[in-house]
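Undergrad:
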Amino acid sequence: MNQDFQLFPGQASRVARDVDNLFWYLTTIATFFTILIFVLIVYFAVKFRRRSESYVPPATKTHAKLEILWSVIPFIIVMTIFVWGARVYFLILRPPATALDIHVVGRQWMWKVQHPTGPREINSLHLPAGKPIELTLASQDVIHSLYIPAFRVKMDVLPGRYTQISFTPTKTGEYHLFCAEYCGTLHSGMIGKVVVMQEQEYQDWLARTPSDLAPVDAGASLFQSMACVTCHGSVAPTLHGLYESNVKLTTGETVIADEQYIRESITDSTAKIVDGYKPIMPSFRGQVSEEELMQLVAYIKSLKSDRPGAPSDQNPPLPLRPTPGQEETR
Ligand code: CUA
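Going from the sequence shown to my numbering is simple: count from 1 and add 1.
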């Protein structure tokens with residue numbers, strides 16, 4: 002399919018239709034009111050023009066009903082935009098638990114991709130059709146923005162934190178992948194292609210693509226080689242069952258241990274101290290690359306609770322619900 006520079010490339014993900022419908026809804030409303038306002042400006046300018054130098058216009062009366070009408074109608078319209086917009090936003094932001102988690106690191110000036118079982122690629126993204134995908138995005142340097150027009154998804158890729166988007170490709174084929182945030186000299190060259198294949202073709206592709214260790218296994222070996230293992234579980238909190246659990250901090254605050262929390266605890270280790278512990282962990286900022294961080298996070302996410310039957314043994318469906326009484330400070 003020729004995807005070159007169409008205003009509306011063919012919809013190739015499940016959410017694309019929702020995004021387009023919302024877009025047309027907004028455009029229709031904006032067009033209608035723009036025309037209405039301009040017509041009224043001209044009409045009123047003529048109708049209420051000053052007819053002579055000495056003419057003093059009569060005082061205007063207030064029309065309570067009219068005032069209410071033109072407040073309530075716009076209110077209802079903007080609320081439909083809000084509810085509809087929030088619905089589409091959550092479709093893109095909240096992946097189902099079964100989503101395939103693919104890591105994407107942006108840097109000047111390329112996209113580096115790693116699939117959950119280990120295969121890597123640069124400036125291309127191979128995906129199976131019909132499966133929910135979750136992209137975990139990070140930047141090694143400046144702000145980038147990952148944009149796949151055919152899927153109608155775009156997300157900033159930020160240094161120092163993770164962002165995520167989710168979508169389900171519906172059609173096999175090749176699509177554009179752009180960086181949509183000016184990020185330096187070769188920004189315009191920071192492009193790639195998305196290749197959507199049938200599930201079996203994708204599996205074949207994975208099998209013949211150069212692969213590193215799966216992120217979980219690479220993270221496990223980093224955990225050993227960086228000696229994290231010597232403290233965690235003894236003088237430092239255990240990491241088993243940590244992911245998506247509630248963590249009580251020394252400040253009395255409770256946070257959910259998501260990817261962002263785990264990442265921050267490695268790069269800025271004293272930002273949030275677990276209740277009952279001392280801020281003795283050194284910061285690993287600058288010592289681990291963005292990809293190694295993703296591997297460590299993947300490994301820590303994979304660590305199930307060492308108490309059998311604890312809630313974190315299963316992957317809980319979204320939305321995340323904190324598990325009351327779960328203990329993290331051992
Ligand atoms: Cu990366 Cu523009």
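A virtual CB, placed ideally from N, CA and C, is assigned to each residue, including glycine.
In this text, all values refer to a predicted model and were calculated from it rather than measured experimentally.
Within its chain, find whatever has a CB closer than 7 Å to the CB of residue 322; leave out the 5 residues flanking it on each side and keep chain order.
TA: Interpretation of residue 322 is limited by its pLDDT of 35, a score under 50 that renders its predicted location unreliable; the figure taken from the coordinates is listed afterwards. Answer for residue 322: no residue qualifies.
Undergrad: Where do the ends of the beta strand (DSSP E) carrying residue 129 lie?
TA: First-last of the beta strand (DSSP E) with residue 129: 125 to 129.
Undergrad: Say the cut is 8 Å; is the CB of residue 185 nearer than that to a heavy atom of ligand 1?
TA: Yes, Cβ of residue 185 sits closer than 8 Å to a heavy atom of ligand 1.
Undergrad: Is residue 137 closer than 9 Å to residue 89 when the C-beta atoms are compared?
TA: Against a cut-off of 9 Å, the Cβ pair of residue 137 and residue 89 comes out as no contact.
Undergrad: Report all residues from its chain with a CB closer than 7 Å to the CB of residue 33; omit the five preceding and five following residues, and keep chain order.
TA: Taken in chain order, the list of residues that qualify is empty.
Undergrad: Who are the near neighbours of residue 7 in its chain, counting only those whose CB is closer than 7 Å to its CB and skipping five residues on each side?
TA: So no residue of the chain qualifies.
Undergrad: Where does residue 56 land, buried or exposed, given buried means 16+ other C-beta within 10 angstroms?
TA: When all chains shown are included, residue 56 counts as exposed.
Undergrad: So what's residue 31 in DSSP terms, helix, strand or just coil?
TA: Looking at residue 31 - three-state DSSP - the assignment turns out to be helix.
Undergrad: What does the Cβ neighbour count give for residue 150, buried or exposed, with the cut at 16 atoms within 10 Å?
TA: By the neighbour-count rule (16 or more Cβ atoms within 10 Å), residue 150 is buried.
Undergrad: Tell me whether residue 156 counts as near ligand 1, meaning its Cβ is closer than 8 Å to at least one heavy atom of that ligand.
TA: Because no heavy atom of ligand 1 lies under 8 Å away, the Cβ of residue 156 does not count as near it: no.
Undergrad: Going by DSSP, what residue range makes up the beta strand (DSSP E) through residue 102?
TA: It spans 101 to 108 - the beta strand (DSSP E) in which residue 102 sits, taken as one unbroken run.
Undergrad: Enumerate in chain order the residues of its own chain whose CB-to-CB distance from residue 218 is below 7 Å, with the five nearest sequence positions on each side excluded.
TA: No residues qualify anywhere along the chain.
Undergrad: Could you check whether the Cβ of residue 225 sits closer than 8 Å to any heavy atom belonging to ligand 1?
TA: Residue 225: no, Cβ never under 8 Å from ligand 1.
Undergrad: Taking all protein chains shown into account, decide if residue 41 is buried (16 or more other Cβ within 10 angstroms of its Cβ) or exposed.
TA: Result: exposed.
Undergrad: Under DSSP, the beta strand (DSSP E) around residue 194 begins and ends at which residues?
TA: Residue 194 -> beta strand (DSSP E) spans 193 to 198.
Undergrad: Please determine whether the Cβ atom of residue 291 lies at a distance below 8 Å from any heavy atom of ligand 1.
TA: No, Cβ of residue 291 sits at least 8 Å from all heavy atoms of ligand 1.
Undergrad: Relative to the alpha-carbon of residue 187, which residue among 252, 143, 70 has its alpha-carbon at the smallest distance?
TA: For the residues 252, 143, 70, the minimum Cα distance to residue 187 belongs to 143.
Undergrad: So residue 107 and residue 158 are in contact, right, with Cβ under 8 Å, and what is the actual spacing, rounded?
TA: That pair is a contact at about 4 Å.
Undergrad: In terms of residue numbering, what span does the beta strand (DSSP E) encompassing residue 135 cover?
TA: Its beta strand (DSSP E) spans residues 134 to 140.
Undergrad: At a cut-off of 8 Å, would you count residue 182 as near ligand 1, judging by its Cβ distance to the nearest heavy atom?
TA: Indeed, a heavy atom of ligand 1 lies less than 8 Å from the Cβ.
Undergrad: How many angstroms separate the CA atom of residue 26 from the CA atom of residue 97?
TA: Approximately 27 Å, taken between the alpha carbons.
Undergrad: Which value, in whole angstroms, describes the spacing of the CA atoms of residue 66 and residue 73?
TA: Computed Cα separation, rounded: 10 Å.
Undergrad: If we count the other Cβ atoms within 10 Å of its Cβ and call it buried at 16 or more, is residue 139 buried or exposed?
TA: It is buried - the Cβ of residue 139 has at least 16 other Cβ atoms within 10 Å.
Undergrad: For residue 129 and residue 260, what's the separation of their Cα atoms in angstroms?
TA: Spanning the two alpha carbons is a distance of roughly 24 Å.
Undergrad: By a C-beta neighbour count over all protein chains shown, 10 Å radius and 16 as the cutoff for buried, is residue 99 buried or exposed?
TA: So residue 99 ends up on the exposed side.
Undergrad: Return yes when at least one heavy atom of ligand 1 lies under 8 Å from the C-beta of residue 109, else no.
TA: Correct: residue 109 has its Cβ closer than 8 Å to ligand 1.
Undergrad: Could you spell out where the beta strand (DSSP E) holding residue 333 opens and where it closes?
TA: Outside the shown range of the chain, which is 2 to 331, sits residue 333, and nothing can be said about it.
Undergrad: Using a threshold of 9 Å, state whether the C-beta atoms of residue 70 and residue 112 are closer than that.
TA: Cβ atoms of residue 70 and residue 112: not closer than 9 Å.
Undergrad: Would you identify the three-state DSSP class for residue 159, choosing helix, strand or coil?
TA: If DSSP states are grouped into helix, strand and coil, residue 159 belongs with coil.
Undergrad: Which residue marks the beginning of the alpha helix (DSSP H) containing residue 298, and which one marks its end?
TA: Segment 291 to 303, the alpha helix (DSSP H) holding residue 298.
Undergrad: Only counting the same chain, and skipping five residues up and downstream in sequence, which positions put a Cβ closer than 6 Å to that of residue 282?
TA: Result list for residue 282: 270, in chain order.
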